[in-house]
Every structure is written in C-alpha cells, then in structure tokens.
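Comments concern the structure below.
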Amino acid sequence: MAEETNKIGFALKRITTEQFAIIESAFTDGKLVDLKAGLRFGINFENKIISVVFSTNLIQDKSPFLIIEVGCHFSIREEAWDIFYNQDKAEIIVPRGFIGHLVMLTIGTTRGVLHGKTENTPFNNFLLPTLNVNEMVKKDVVFKIEVEKKESK
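Sequential numbering from 9 applies to the sequence shown in this note's numbering.
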C-alpha cells in the first residue's frame with residue numbers, strides 16, 4: 009500500500025477554515041482539558057478534488073472553549089482518479105493508505121491554522137497532539153456518484 013500511495017499524483021489546491029471560535033467564558037486555567045476530533049470527506053467529481061475536513065474541540069466540563077475545523081482540498085491526477093473510479097458501481101474508492109496520508113497533511117495544516125489564529129493569546133499554549141491516523145481511518149473511503157441517466161428516444 010505504501011508503494012501505491014507514492015504513485016498517486018496529487019496537489020494541495022486550497023485550504024479553508026470552516027470554523028474557528030474561542031469561547032473564553034468556557035475556559036478555566038488549570039482545569040483538565042479534553043480533546044474531541046472528527047473527520048469528514050468530500051469530493052468534487054468534475055474537478056477531481058478530494059476534500060478532507062478535520063475538526064477538533066478543546067473541552068472543559070463538557071463545554072467547548074476552542075473550536076477549529078479546517079479543510080484541505082486536493083487535486084488528484086487523472087491517472088489516479090481513473091483508478092479510483094469504478095464506473096460499474098458508480099463510486100470512487102480512495103485507498104486507506106492514501107486517504108490516511110491526506111488526513112495527516114490536513115491535521116498538520118490545522119495545527120498551523122490554530123497557531124496563526126491564537127498567536128499572541130493565552131490560547132496559543134494549546135497544541136494539537138500527535139494523532140494516530142491509522143485509528144482514525146480504518147478502511148478505504150467510498151463515495152457514491154450520482155450518474156445522470158439519459159432518456160432514450
């Protein structure tokens with residue numbers, strides 16, 4: 009799978025900050041902080057784009073005090089896209105190893121966005137820990153494709 013991942017041509021095309029908020033009233037210095045993380049995936053079939061959106065909340069007493077959600081949008085080379093696309097089943101199947109690599113890049117990007125948004129504030133002390141991407145992505149990601157049916161005359 010590592011070899012397969014290395015052969016997939018792609019480029020980071022866009023970074024989006026989907027959400028960012030600091031709720032100072034929900035934070036108490038010195039209290040235990042929990043972290044909740046999530047992932048979403050999307051595609052733009054026509055433009056051969058795979059999107060990975062990573063979100064995380066820093067939480068105290070069941071209330072989030074820092075919320076961040078960042079999307080990385082990757083352009084996939086046509087040769088790889090054609091391998092992912094199963095026309096008979098109308099689906100795109102992205103291999104676990106490759107999507108895991110995109111997730112890792114997105115988490116790293118989120119760290120940078122978090123730093124930039126919190127620089128020169130007390131919240132800059134909060135860093136995203138290393139996360140086990142293999143625990144987050146356990147299988148290939150499958151996208152169902154809506155295929156337009158042409159009417160026959």
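Think of the CB as a built atom: it goes at the ideal place given N, C-alpha and C, for glycine as much as any other residue.
> Would a C-beta distance cut-off of 7 Å place residue 102 and residue 141 closer than the cut-off?
Replying inline: no
> Which word fits residue 122, buried or exposed, when buried means at least 16 other C-beta atoms lie within 10 angstroms of its C-beta?
Replying inline: buried
>> In the DSSP assignment, the alpha helix (DSSP H) including residue 122 goes from what residue to what residue?
In response: 104-126
>> Taking only three categories from DSSP, how would you classify residue 35?
In response: coil
> Tell me which same chain residues have a C-beta within less than 7 Å of the C-beta of residue 131, skipping the five on either side of it?
Replying inline: 30, 74
>> Let's test the definition: count the other Cβ atoms within 10 Å of the Cβ of residue 135 and tell me whether it reaches 16, buried, or not, exposed.
In response: exposed
> Among 59, 143, 79, 45, which residue has its Cα nearest to the Cα of residue 67?
Replying inline: 45
>> Going by DSSP in three states, residue 142 sits in which element: helix, strand or coil?
In response: Looking at residue 142 - three-state DSSP - the assignment turns out to be helix.
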